[in-house]
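See structure below.
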Amino acid sequence: MQRNVYGKSRKKHPLKRVIDSSRREVVLDSPRKKSKSRSSSRPSSSSLDQALILTSSRPNSREINAKSLKSISAVSTSRFYEPPKTLFEKKYEQNLSKFLPTGSDSEFQVLLDLPLEGNDMKKREELGQLSKKLRSENTGKVEIGNTSDRFEGKDAPESEMEIEMSTQLLSLLCTEKPESADFHIAMLVRISDFFIKKAYSTVLDANDIQGTKTYYTYIKTALKSLLMLATRYNTRLNLDLELVVYLNIASLYFFETDNLDLADTYINRAISIANRNSLTKIAVTSELLYCQILEMSDPNLLQAFLSEKYSSYMKKNMTSIADLFALLRSTHVIVTSSTIGHVLLQSLSLQPDVQPNIKLLSSLYQADLHLYRGSPETAQELLHKMDPLKADAPAQFLAMCHLVQLSTYVQSNQIKKGKEFLQDVSDFITTQRKNGWPDWNEDGSVRMFLRQGETEIPFALQGLNSDEFVIMFYFLSGILFLSERSSFKKANKVFTTCLEIIELQLEELTQARPGARNFSLRLLTGKIVRLNYVRYSVYYYRIWVSFMEKNDFTGIKFLQQFINDFDVENFTKEELSYYKLLIPRFLYLTAIYFQATGDLAASKYYYMRVRQLCSSGNTSKASHKISYLQRGLGIGCESMTPIDGNSELFMFATLHLLQITEYEIHSWSDSEKPQTKSNLGFSRNQLGDLYQDLSQALDTSTKTSSFKSFASFNLMFKLSFKVLSCIYLQQGFTNNSSHRDSTMMTEFEDLLKESPPRELISVLGTFVLYNMSLNLEHRKELLSLCLGRISDQDDNSKILMILLLREAISKKSEMDDLEERKLLQMKVQALEHSVQDKLARLQFGFKVNINSSTSA
1 MQRNVYGKSR KKHPLKRVID SSRREVVLDS PRKKSKSRSS SRPSSSSLDQ ALILTSSRPN
61 SREINAKSLK SISAVSTSRF YEPPKTLFEK KYEQNLSKFL PTGSDSEFQV LLDLPLEGND
121 MKKREELGQL SKKLRSENTG KVEIGNTSDR FEGKDAPESE MEIEMSTQLL SLLCTEKPES
181 ADFHIAMLVR ISDFFIKKAY STVLDANDIQ GTKTYYTYIK TALKSLLMLA TRYNTRLNLD
241 LELVVYLNIA SLYFFETDNL DLADTYINRA ISIANRNSLT KIAVTSELLY CQILEMSDPN
301 LLQAFLSEKY SSYMKKNMTS IADLFALLRS THVIVTSSTI GHVLLQSLSL QPDVQPNIKL
361 LSSLYQADLH LYRGSPETAQ ELLHKMDPLK ADAPAQFLAM CHLVQLSTYV QSNQIKKGKE
421 FLQDVSDFIT TQRKNGWPDW NEDGSVRMFL RQGETEIPFA LQGLNSDEFV IMFYFLSGIL
481 FLSERSSFKK ANKVFTTCLE IIELQLEELT QARPGARNFS LRLLTGKIVR LNYVRYSVYY
541 YRIWVSFMEK NDFTGIKFLQ QFINDFDVEN FTKEELSYYK LLIPRFLYLT AIYFQATGDL
601 AASKYYYMRV RQLCSSGNTS KASHKISYLQ RGLGIGCESM TPIDGNSELF MFATLHLLQI
661 TEYEIHSWSD SEKPQTKSNL GFSRNQLGDL YQDLSQALDT STKTSSFKSF ASFNLMFKLS
721 FKVLSCIYLQ QGFTNNSSHR DSTMMTEFED LLKESPPREL ISVLGTFVLY NMSLNLEHRK
781 ELLSLCLGRI SDQDDNSKIL MILLLREAIS KKSEMDDLEE RKLLQMKVQA LEHSVQDKLA
841 RLQFGFKVNI NSSTSA
């Protein structure tokens, strides 16, 4: 089902009205293919009887509220879901179905049975006038009737006149004499093409009840015309036209209805006839559509079909076509087994005679897979090897390469290179915009031709349109700026711009009004879901940057409400399928919030949930069918998400749990209470498990060259883990030299040399190294580095600054520098005052430690 969702309180919350208007649901459980025995038991009827139209029962008739749209940029704490449909709404939907082709073939049958009346010549003149009118409408500018007319009962909109005209024309065509068959065929073809184009060009009108009715009436009229060709005139069609008719019928049943059985029937008929007559071009086109149908109806059968087609075309020495099916097979297998999928993609990309665009795509999919699995360095190597293939590639392919390249810089924290690359992408966008985005399509499809001998076979891949590409560029740019403290303001600005573009897009896509969009209603739904998914992701990062920049967690209630609604299944089944991908990130940031505010029990709970969702032992993994749906929507794919040591969220959640568990053990070690002793035993066992997980993830000896663990290459993670390890293993840095591990210190120094010097974790690492060192000159040099690099922009930096200044005061005491010592003490007091609320909440005992010397 595709439907807009509205609730009883939609007038109360401006943000809810905007989000509700953009909410769409997609089909999860496609109908199972029926056996002949079951289908034959049903009463015979027209094939239109079985067309379950995807429609909406909740019209969008609201007016545009500019104020409510502007308020989107601020993260809201209101709910953005609505409860399931009431009985009244279900009854309303049943009434809506009366004008959709869901169960009656009477209208179609009447057209076939109309008796011939009047003079034949008069009838032919009437037919000619109607066809002339239709041709003029098809070539002229199409005007859409005023939306308000639909509700006020004014003059009939042009769409109604067109529908009435088509009904009359179909009636005349059905009652004409056989001698006019060729003319009838030409008119039916023209009618079907016209009304498909008309439906797609008015797709935005389908955001209200009248527009939905009109959209599906257009589709119904086009489908009737094609079915009439396939049944009444099938013996008079030439072979090429017959195959095109079957292909178009299957396409309409697949994309515009929920009837996969009829789509399967007609597409197999086209494939069978095309192969029997060696019509390779139409055969391949039909087989590509059949792959999409199988992915929805029977994914297991799709794998066998793709393998069979690959082998078949290889035997015929049609290697270009075989390579295309090999690419499709690889991308299909990735969902069920990323390792096998990677091997197939790698094999395809290494073949010397593969068409450049196929080789480029296979390499691009490999790079994307490495990013999913946490290996950006390997992805960068693949992208570099693609450079010779980019010369003649479509602009959309270059855009995808740019986004993957930018993602590698984001994942690997290569800030300098990433910023340089941003300018390259910006120049690319400027050039494309100046040229009018040539060859870019509104529906995001990338259309190409596959040459096999003298035959050029058209095919298309679904990608991003120009607007979505720009949105993703801003989104990834904002994440890149998050990696550097000095760029937080810039990140916030970029995220704000990204949100503004998304809101403009959603406003256009969810309003029932004429627009320039031209694609199917199913594609409109996918766009809205995808944009909403990105929007919620931007909210997440804006909350994060606000916390890091200003210690402000104002928007955290939004995430908590989202998580609560997810936990109690206030989402529909469809929403659960694609919003589930956001949950681990939302849980992680919520855990950070509770840890920052001192609620360690809540923080620990949420970290453990992150680990559970991102581990190989997760029993709530989605089915492959859900993964295909997620991938089709362009929002990721749960079966491909990184797990265990490949997951950034899993590893950092483990690191935070390590801190909390170490603190618990330290706090409870002197307690004599039985319950505390029991908790202490549990925490010690858990600490061992956490260290084991971290050690396995960092162990490079068990990793293949294909997939490097996130933990084994990510510098910031390795540095964070090393800092914690040194603090705990050195037991608080006592003066006992036996605790100094020279090997650990050497590894630590190497990591610090590679890390950004002014980042908080780098300064903390330098301070830890200072405490580990026994050389007085070395310690003096390290303390000076820390004081020169630390800032006091956030609470954590201020706390570290207090520790550093205490060390400096201790050194001044040794030199009897009274004036300098007083200045430093005044600065410490000011810093302590600025963070006293946080220190009081944290309950970590920092206040006691801070007021004592930490010198070694």
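Going by UniProt numbering, 184 is the number at position 184 of the sequence shown; the sequence numbering is gapless. We put the beta carbon where it would ideally sit given N, CA and C, even for glycine. Just so you know, these numbers come straight off a predicted model, no measurement behind them.
Relative to the alpha-carbon of residue 513, which residue among 192, 212, 603, 822 has its alpha-carbon at the smallest distance?
Residue 513 sits at position 513 when you count from the first residue of the sequence shown. Checked all of 192, 212, 603, 822; the closest Cα to residue 513 is 212.
Along the chain, where does the alpha helix (DSSP H) containing residue 458 start, and where does it finish?
Along the sequence shown, read from residue 1 onward, the residue named residue 458 stands at position 458. Not the alpha helix (DSSP H): residue 458 falls in the beta strand (DSSP E), residues 455-462.
Taking the C-alpha atoms as reference points, what is the distance between residue 294 and residue 507?
On the sequence shown, residue 294 is found 294 positions in, with the first residue counted as 1. On the sequence shown, residue 507 is found 507 positions in, with the first residue counted as 1. So the two alpha carbons sit approximately 34 Å from each other.
Tell me the rounded alpha-carbon separation between residue 812 and residue 819.
The residue given as residue 812 occupies position 812 in the sequence shown. The residue given as residue 819 occupies position 819 in the sequence shown. One C-alpha to the other measures close to 9 Å.
Could you check which residue in 241, 215, 214 has the C-alpha nearest to that of residue 226?
To locate residue 226, count along the sequence shown from 1; it is residue 226. When each option's Cα is compared against that of residue 226, the closest is 241.
Give the DSSP-derived three-state secondary structure of residue 450 in the structure shown.
If you number the sequence shown from 1, residue 450 lands on position 450. DSSP places residue 450 in strand when its eight states are reduced to three.
Residues in the same chain with beta-carbon distance under 8 Å from residue 538, minus the five sequence neighbours each way, listed in chain order, please.
If you number the sequence shown from 1, residue 538 lands on position 538. Here the set comprises 475, 478, 495, 498, 499, 502.
Using DSSP's beta-bridge definition, name the partner residues of residue 445.
The residue you call residue 445 lines up with position 445 of the sequence shown. DSSP lists 462 as partners of residue 445.
Alpha carbon of residue 299 to alpha carbon of residue 625, nearest angstrom:
What you label residue 299 is simply residue 299 of the sequence shown in a count that begins at 1. What you label residue 625 is simply residue 625 of the sequence shown in a count that begins at 1. Going by the C-alpha atoms only, they are around 7 Å apart.
Within 10 Å of its beta-carbon, does residue 362 have 16 or more other beta-carbons around it, so buried, or fewer, so exposed?
Reading the sequence shown from its first residue, position 362 is the one you call residue 362. Flag for residue 362 reads buried.
Pull up the distance between the alpha-carbon of residue 774 and that of residue 745, whole angstroms please.
Position 774 of the sequence shown holds residue 774. Position 745 of the sequence shown holds residue 745. One C-alpha to the other measures close to 11 Å.
Which runs of the alpha helix (DSSP H) fall wholly inside the segment 758-809 and span at least 4 residues, in chain order?
760-772, 776-789
Would you mind working out which of 251, 312, 727, 355 sits nearest residue 275, comparing C-alpha positions?
Position 275 of the sequence shown holds residue 275. Among 251, 312, 727, 355, the Cα nearest to that of residue 275 belongs to 312.
Local Cβ density within 10 Å of residue 833, reported as buried at 16 or more and exposed below that
Against the sequence shown, residue 833 aligns to sequence position 833. So residue 833 counts as exposed.
Rounded to whole angstroms, what is the Cα-Cα separation between residue 763 and residue 836?
Reading the sequence shown from its first residue, position 763 is the one you call residue 763. Reading the sequence shown from its first residue, position 836 is the one you call residue 836. Each residue's alpha carbon lies about 22 Å from the other.
Which same chain residues, not among the five before or five after residue 428, have their C-beta less than 8 Å away from its C-beta?
One-based indexing of the sequence shown puts residue 428 at position 428. 398, 399, 402, listed in sequence order.
Option in 459, 791, 570, 587 with minimal Cα separation from residue 486
In the sequence shown, the residue the question calls residue 486 occupies position 486. Ranking 459, 791, 570, 587 by Cα distance to residue 486 puts 791 first.
Own chain, CB closer than 8 Å to residue 582, minus 5 neighbours either side, in chain order:
For the purposes of this step, residue 582 is taken as the residue at position 582 of the sequence shown. For residue 582, where only same-chain residues beyond five positions count, the Cβ hits under 8 Å are 533, 536, 537, 540, 562.
Going by DSSP, what residues sit across from residue 641 in a beta bridge?
Here the question's residue 641 lines up with position 641 in the sequence shown. None, per the DSSP bridge assignment.
Mark residue 118 as exposed unless 16 or more other C-beta atoms lie within 10 angstroms of its C-beta, in which case mark it buried.
Along the sequence shown, read from residue 1 onward, the residue named residue 118 stands at position 118. Residue confidence is low: residue 118 scores 42 on pLDDT, short of 50, so the model does not pin down where it sits. No coordinate-derived value is stated.
Through-space distance from residue 375 to residue 390, alpha-carbon basis
Residue mapping note: residue 390 aligns to position 390 of the sequence shown, counting from 1. Residue mapping note: residue 375 aligns to position 375 of the sequence shown, counting from 1. Distance between the alpha carbons of residue 390 and residue 375 is about 23 Å.
Rounded separation between residue 443 and residue 751 - CA only
By 1-based counting over the sequence shown, the position of residue 443 is 443. By 1-based counting over the sequence shown, the position of residue 751 is 751. Each residue's Cα considered, the two are about 47 Å apart.
Could you compute how far the alpha carbon of residue 184 sits from the alpha carbon of residue 194?
Walking along the sequence shown from the start, residue 184 turns up at place 184. Walking along the sequence shown from the start, residue 194 turns up at place 194. Each residue's Cα considered, the two are about 15 Å apart.
For residue 228, is the classification buried or exposed, using 16 other Cβ atoms within 10 angstroms of its Cβ as the cut-off for buried?
Start at 1 with the first residue of the sequence shown, and residue 228 comes out as number 228. Buried is the call here.
Give every residue of the same chain whose Cβ lies closer than 6 Å to the Cβ of residue 236, excluding the five residues on either side of it in the sequence, and list them in chain order.
Against the sequence shown, residue 236 aligns to sequence position 236. Here the set comprises 181.
I'd like the list of long-range same chain contacts for residue 188, defined as Cβ closer than 7 Å, with 5 residues on each side in sequence excluded.
Numbered from 1 along the sequence shown, position 188 holds the residue referred to as residue 188. Once the five neighbours on either side are set aside, the close Cβ partners of residue 188 are 173, 225, 228, 229.
Is the separation between the beta-carbon of residue 270 and that of residue 288 shorter than 9 Å?
Numbered from 1 along the sequence shown, position 270 holds the residue referred to as residue 270. Numbered from 1 along the sequence shown, position 288 holds the residue referred to as residue 288. No. Outside cutoff.
Please name the residue in 483, 339, 526 whose C-alpha comes closest to that of residue 255.
Taking the sequence shown and counting its residues from 1, the one referred to as residue 255 is at position 255. Comparing Cα-Cα distances from residue 255 to each of 483, 339, 526, the minimum goes to 526.
Under 8 Å Cβ to Cβ from residue 308, same chain only, skipping five residues before and after it: list those, please.
For this step, residue 308 is matched to residue 308 along the sequence shown. Same-chain partners within the cutoff: there are none.
Classify residue 779: buried if its beta carbon has 16 or more other beta carbons within 10 angstroms, exposed otherwise.
The residue labelled residue 779 in the question sits at position 779 within the sequence shown. By the neighbour-count rule (16 or more Cβ atoms within 10 Å), residue 779 is buried.
Please determine if the segment 364-373 and the segment 662-681 are in contact, where contact requires at least 3 C-beta pairs separated by less than 8 Å.
no
Roughly how many angstroms lie between the CA atoms of residue 683 and residue 584, to the nearest whole one?
Taking the sequence shown and counting its residues from 1, one reaches residue 683 at position 683. Taking the sequence shown and counting its residues from 1, one reaches residue 584 at position 584. The straight-line gap from Cα to Cα measures roughly 23 Å.
Do residue 714 and residue 411 have their C-beta atoms closer together than 9 Å?
For the purposes of this step, residue 714 is taken as the residue at position 714 of the sequence shown. For the purposes of this step, residue 411 is taken as the residue at position 411 of the sequence shown. Yes, they are a contact pair.
Going along the chain, which residues of its own chain have a beta-carbon closer than 6 Å to the beta-carbon of residue 35, five neighbours each way excluded?
For this step, residue 35 is matched to residue 35 along the sequence shown. Confidence in residue 35 is poor, its pLDDT being 45 and thus under 50, which makes the residue's placement unreliable; the coordinate value appears in the next sentence. Around residue 35: no qualifying Cβ.
In terms of residues, what are the limits of the alpha helix (DSSP H) holding residue 401?
As a position in the sequence shown, residue 401 is number 401, starting the count at 1. That run of the alpha helix (DSSP H) goes 395-411.
The segment 642-660 contacting the segment 607-615, beta-carbon criterion three pairs below 8 Å:
yes
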